[in-house]
Amino acid sequence: MIADEIVLSFPNITRVTMSKVLEYCNIHGAGADDETRAFDEQFVDVDQKTLFDLVLAAHDLKIKMLYDIVGERTGDMMKGKTPEEIRIIFNIGENSCVDDHPLQKELNPWAFE
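To convert, note that position 20 of the sequence shown is 49 in the numbering used here; the numbers rise steadily by one, no gaps.
Put into structure tokens, the structure is as follows:
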């Protein structure tokens with residue numbers, strides 16, 4: 030017997046975040062144009078928590094276009110910032126990656142300038 034309704038479960042995606050993802054998908058359903066680009070700019074102009082929730086949702090749902098625009102916005106947040114400023118913005122402990130990975134400084138010297 031086939032169920033009348035299919036239930037999908039995404040335990041890592043809140044109702045609010047899923048609502049935003051569906052809003053994005055509804056706008057982009059017909060493809061990209063100047064209107065969707067303007068929508069995208071406003072869509073990612075959100076607080077940091079919402080932006081990170083969207084990054085995770087786009088990744089989990091494998092929505093590449095959404096993942097790209099939220100990734101671009103996250104990158105924009107880092108432009109022109111020092112490593113210390115980036116650590117503060119993203120709440121990263123000062124030596125978290127160096128302690129866990131001793132070669133990190135050697136492999137990525139730009140991060141320690």
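For each residue, glycine too, the CB sits at the ideal point set by N, CA and C.
- When secondary structure is reduced to three states using DSSP, residue 89 falls in the helix class.
- A distance below 7 Å separates the beta carbons of residue 99 and residue 80.
- Around the CB of residue 67, fewer than 16 other CB atoms lie within 10 Å, so the residue is classed as exposed.
- Rounded to whole angstroms, the Cβ separation of residue 117 and residue 107 is 11 Å, and the two are not in contact under 8 Å.
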